[in-house]
Each structure stands twice: as C-alpha cells, then as structure tokens.
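For the sequence shown, this note's numbering begins at 29 and goes up steadily by one.
Glycine residues also receive a C-beta, built at the ideal position from the N, C-alpha and C atoms.
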Amino acid sequence: AEQDAMRAQAYASAGRNDPCPCGSGRKYKKCHGAPHQAATGSARR
Numbered sequence: 029a030e031q032d033a034m035r036a037q038a039y040a041s042a043g044r045n046d047p048c049p050c051g052s053g054r055k056y057k058k059c060h061g062a063p064h065q066a067a068t069g070s071a072r073r
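Encoded structure:
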C-alpha cells in the first residue's frame with residue numbers, strides 16, 4: 029500500500045517534459061501522460 033502511494037505521488041508530480049516515472053526513458057507526455065489513444069482516435073491527418 030505504501031509503495032502504491034509513492035508511485036501515485038511520482039506520477040502526480042511529474043512534469044510533461046520530465047522522464048516518465050515508469051522507467052521507460054520516454055518523456056511523461058509521450059508515455060503515461062499522453063491521453064488515451066482510443067479517446068482521440070486516428071482522425072488526425
């Protein structure tokens with residue numbers, strides 16, 4: 029339970045241009061900070 033709270037805090041404090049707390053090395057906005065793909069669809073051209 030304590031680990032979940034620490035993980036939630038890491039995601040909450042991550043800036044969009046900071047490395048993603050998941051450890052992927054990608055920016056937060058391109059990883060877990062991105063909106064769900066199904067919600068946006070692929071109508072972008």
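Just reading off the alpha helix (DSSP H) that Asp-46 is part of, what are its end residues?
Here Asp-46 belongs to no alpha helix (DSSP H), and DSSP marks it neither H nor E.
Compute the Euclidean distance between the alpha carbons of Met-34 and Cys-48, then round it to the nearest angstrom.
Within the model, the alpha-carbon separation for Met-34 versus Cys-48 is close to 14 Å.
Residues near Arg-44 in its chain [Cβ-Cβ closer than 8 Å; skip 5 each side]
Result list for Arg-44: Lys-55, Tyr-56, Lys-57 and Gly-61, in chain order.
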